[in-house]
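Residue numbers (my numbering), protein chains in the order written: chain A, 2 to 340; chain B, 2 to 340.
Glycine is no exception: its CB is placed at the ideal position from the N, C-alpha and C atoms.
Read through the structure below, which is laid out as structure tokens, and then see the notes.
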DNA sequence: TTGTATGCGTTATCAA
DNA sequence: TTGATAACGCATACAA
């Protein structure tokens, strides 16, 4: 049939080539390896590129080169600010390298994560970022089978799929415990997400429990919430905890919002913070420094994790760097007024 | 040369076809229009797909079909929670439709926005979401030239590029002013981002000014910040405002974080809120209901904007729906304790 | 309901 | 330094 004319409407490599009086291949090089062209040729070509408003077709590029220049990331949720810093880090780390960011949220479900990973692999993404170290078996298999450069962030695990860039949630929980023990607190409580739902929250709890044990204290009393970002649930959990055991003198909350809920409820119950009750949050959200009294919490390297993941993955994709390595970015206890 | 064997390593349509004893085209159909196949054939093919772990090559699909099934979005920033709800809305709206989300942040710069749009068009995205209605001339041209389905969100403008899905920032500012006027406040202040940097904050200010004028009041006194999400800057601006004019009895802040900074500073200055000073924020962040006194603010449809944008764009891409329409999702004054 | 021929727009490879 | 040719893996259009 061969009805001549650009079927897609927009100019192709061949159009630029014709306009510049060179072959398509030369235009292709002008865009990717300009230094290898004769300056004069290059100049003419770029002029035509500009004139025609030519934009290379990413699909054709990916198909021919088998590289998409896309990095995909899966985070548990896009709502709230929890992973916002990390996303910004990824975006910043990718910027300038000519890579695009493809994004999906798993809703804290490994099954959703798996289907996202599947979709991303089908899209031919060059690298993948996953949150946490707990994945579906199928997810692991997919990543391995496709030899996909991958970074797991926001936690550290025993058997990384590739790069591991984060901090130890368990160590963080333990550090909080140690601090409370040093402060002489002896009756601890914990507010966090249902263990089954959120592995990282759970690990903070485990670390906290371990610290209790090490300090010779009884196991902290738990209060769980469904959604750790709903202030209403936070308050309800706080009520349960405070009503359930009047002796509690210290509570570790798996995030700062939970801690703020507790702060409110404690006030309503006439419990002074930190005198009667020490409160420690997690995440160092904006609210932490704003509430009264200012919240003692754990600061984590959200932005850094994104940047480092992007940089290391880019190196991997470029053939530099090593496929497996663990980067512990640590965490930081931020002492304010509540503990 | 034609060295036989899958050059990419992974199974292709042809491999599945061979395994199932049908043509490649039939396998292709099995994946996209299963209902058009003989159930028996379909079943065999899907079995082989599963067995081989076949995943279609997205680049090849896009190249052949000229559709990428990717929607791209540009937001001003990924940090903080401001656009988090919107991103979640987009993600939710796209989920299930088999579309992926590609994301970029402009850093509040129209130039960055333009280069992102360029990159997205080169990637062949099927639709585009932009934040706000102020864009580079080149951005508008690109979108128009490529007839790209587009939605502008988080504001409403006079000449939409396509879909317009948001609320009137000006009307919101005005509504706040009207409320304060009704409360008998007569000396107003405003804290927000430098006008040149953030159009939407600026429009809220304009609406607020207009309300002052309509109420026969003097123009509100301004205090600007560079970064509206830094509590330090918020406090500094609040200091300036409060020290500069002792008569101020009401302040509208372009976001809730700014309002929280003001709350702190007001307290330190011994100004009672709301008795001496009414404070109104914007955005209804988590902090709004947590601070003391709880913040009166403006709630905006962040999540809804994302969902609706996704849905309408998907309809457009599918050939349904109309390319241009404005959806005013409105805003809501949330009266708490500070005004 | 299934298959055949062809093209999507680019890059890898090799040659000049 | 530049060009010719052949994939890349799939879907469109049409035929059977």
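> What does a CB cutoff of less than 8 angstroms around residue 95 of chain A pick up in its chain, not counting 5 residues either side in sequence?
Replying inline: Cβ within range, chain order: 72, 101, 102, 311, 315.
>> Taking 8 angstroms as the threshold (beta carbon to beta carbon), is residue 124 of chain B in contact with chain A?
In response: Cβ-Cβ to chain A under 8 angstroms: yes for residue 124 of chain B.
>> With the cut-off set at 8 angstroms, would you say residue 266 of chain B and residue 240 of chain B are in Cβ contact?
In response: Residue 240 of chain B is positioned such that its CB atom lies closer than 8 angstroms to that of residue 266 of chain B.
>> For chain B, check one thing: does any of its Cβ atoms lie closer than 8 angstroms to the Cβ of residue 199 of chain A?
In response: Answer no: the Cβ-Cβ gap between residue 199 of chain A and chain B never drops below 8 angstroms.
> For residue 339 of chain A versus residue 296 of chain A, is the C-beta distance shorter than 8 angstroms?
Replying inline: In this structure, residue 339 of chain A sits near residue 296 of chain A, with a CB-CB distance shorter than 8 angstroms.
> Taking Cβ-Cβ distances shorter than 7 angstroms, what residues in chain B pair up with residue 261 of chain A?
Replying inline: Those within 7 angstroms of residue 261 of chain A in chain B are 291.
> Looking at C-alpha atoms only, which residue of A:237, A:236, A:251 is the closest neighbour of residue 222 of chain A?
Replying inline: Each of A:237, A:236, A:251 was checked against the Cα of residue 222 of chain A, and the nearest Cα belongs to A:251.
> Per DSSP, what kind of secondary structure is residue 98 of chain B in: helix, strand or coil?
Replying inline: In the three-state DSSP reduction, residue 98 of chain B falls in the coil class, being neither helix nor strand.
>> Under 8 angstroms: do the stretch 79-95 of chain A and the stretch 77-89 of chain B share three or more Cβ pairs, one atom per stretch?
In response: Yes: at least three Cβ pairs fall under 8 angstroms.
> In this structure, does DSSP put residue 171 of chain B in helix, strand or coil?
Replying inline: Residue 171 of chain B falls in the helix class under three-state DSSP.
>> Among A:118, A:186, A:178, A:187, whose alpha-carbon lies nearest the alpha-carbon of residue 153 of chain A?
In response: Nearest in C-alpha terms to residue 153 of chain A, of all of A:118, A:186, A:178, A:187, is A:118.
> Between the stretch 210-225 of chain B and the stretch 176-184 of chain B, are three or more C-beta pairs nearer than 8 angstroms?
Replying inline: Yes, the stretch 210-225 of chain B touches the stretch 176-184 of chain B.
> Going by C-alpha distance, which of A:97, A:99, A:138, A:120 is nearest residue 106 of chain A?
Replying inline: Closest option to residue 106 of chain A, Cα to Cα, is A:120.
> Quick one, are the C-beta atoms of residue 186 of chain A and residue 279 of chain A less than 8 angstroms apart?
Replying inline: Closer than 8 angstroms, so yes.
>> Let me see if you follow: with CB-CB separation under 8 angstroms, is residue 13 of chain B close to chain A or not?
In response: Among the CB atoms of chain A, none fall inside 8 angstroms of the CB of residue 13 of chain B.
>> Short of 7 angstroms in beta carbon distance, which residues of its chain neighbour residue 98 of chain B, apart from the five on each side in sequence? Order them along the chain.
In response: So the qualifying residues of the chain are 315.
> Considering only residues of the stretch 32-100 of chain B, which uninterrupted beta strand (DSSP E) runs meet the minimum length of 3 residues and lie entirely inside it, listed in chain order?
Replying inline: Correct list: 71-76.
> Can we say the stretch 33-42 of chain A touches the stretch 43-56 of chain B, given the rule of at least three CB pairs closer than 8 angstroms?
Replying inline: Short answer: they don't touch.
> Do you know whose CA, among B:167, B:74, B:60, lies nearest residue 69 of chain A's CA?
Replying inline: When C-alpha distances from residue 69 of chain A are compared across B:167, B:74, B:60, the shortest belongs to B:60.
> Are residue 209 of chain A and residue 253 of chain A close, meaning C-beta to C-beta below 8 angstroms?
Replying inline: Between residue 209 of chain A and residue 253 of chain A, the C-beta spacing is below 8 angstroms.
> How about residue 20 of chain B: is its C-beta nearer than 8 angstroms to some C-beta of chain A?
Replying inline: Chain A contact via Cβ: absent.
>> Taking the alpha-carbon of residue 227 of chain A as reference, which of A:264, A:193, A:242 has the nearest alpha-carbon?
In response: Among A:264, A:193, A:242, the Cα nearest to that of residue 227 of chain A is on A:193.
>> According to DSSP, simplified to helix, strand and coil, what is residue 299 of chain A?
In response: In this structure, residue 299 of chain A counts as strand in the three-state DSSP scheme.
> When you compare only the Cα positions, how much space is there between residue 33 of chain B and residue 236 of chain A?
Replying inline: So the two alpha carbons sit approximately 48 angstroms from each other.
> For residue 225 of chain B versus residue 238 of chain B, is the C-beta spacing smaller than 8 angstroms?
Replying inline: The beta carbons of residue 225 of chain B and residue 238 of chain B sit closer together than 8 angstroms.
> Does any CB atom of chain A fall closer than 8 angstroms to the CB of residue 194 of chain B?
Replying inline: Using beta-carbon distances, residue 194 of chain B does not count as an interface residue toward chain A, since no partner is under 8 angstroms.
> For residue 103 of chain B, which three-state DSSP category applies?
Replying inline: Looking at residue 103 of chain B - three-state DSSP - the assignment turns out to be strand.
>> Can you pull out the residues from the stretch 87-100 of chain B whose beta carbon lies closer than 7 angstroms to at least one beta carbon of chain A?
In response: Correct list: 88, 89, 92.
> Of all the CB atoms in chain B, is at least one closer than 8 angstroms to the CB of residue 5 of chain A?
Replying inline: The predicted position of residue 5 of chain A is uncertain, since its pLDDT is 32 and thus under 50; a value taken from the coordinates is nonetheless stated next. For residue 5 of chain A, no CB of chain B lies under 8 angstroms from its own CB, so it is not counted at the interface with that chain.
> Got a sec: which bits of the stretch 26-42 of chain A sit with their beta carbon under 8 angstroms from any beta carbon on chain B, in order along the chain?
Replying inline: For the stretch 26-42 of chain A, which is checked against every Cβ of chain B, not one residue is closer than 8 angstroms.
> So what does DSSP say about residue 327 of chain B, is it helix, strand or coil?
Replying inline: Note: residue 327 of chain B maps to strand in three-state DSSP.
> Mind pulling the chain B residues with CB within less than 8 angstroms of residue 232 of chain A?
Replying inline: Per Cβ cutoff of 8 angstroms: 287, 290, 291.
> Below 8 angstroms between beta carbons: does that hold for residue 176 of chain A and residue 330 of chain A?
Replying inline: No, the Cβ-Cβ distance between residue 176 of chain A and residue 330 of chain A is not below 8 angstroms.
> Are residue 248 of chain B and residue 188 of chain B touching if we call contact CB-CB under 8 angstroms?
Replying inline: Cβ atoms of residue 248 of chain B and residue 188 of chain B: closer than 8 angstroms.
>> So for residue 134 of chain A, helix, strand or coil by DSSP?
In response: Three-state result, residue 134 of chain A: coil.
>> Looking at chain B, is there any beta carbon in it that lies within less than 8 angstroms of the beta carbon of residue 206 of chain A?
In response: Taking 8 angstroms as the CB threshold, residue 206 of chain A stays off the interface with chain B.
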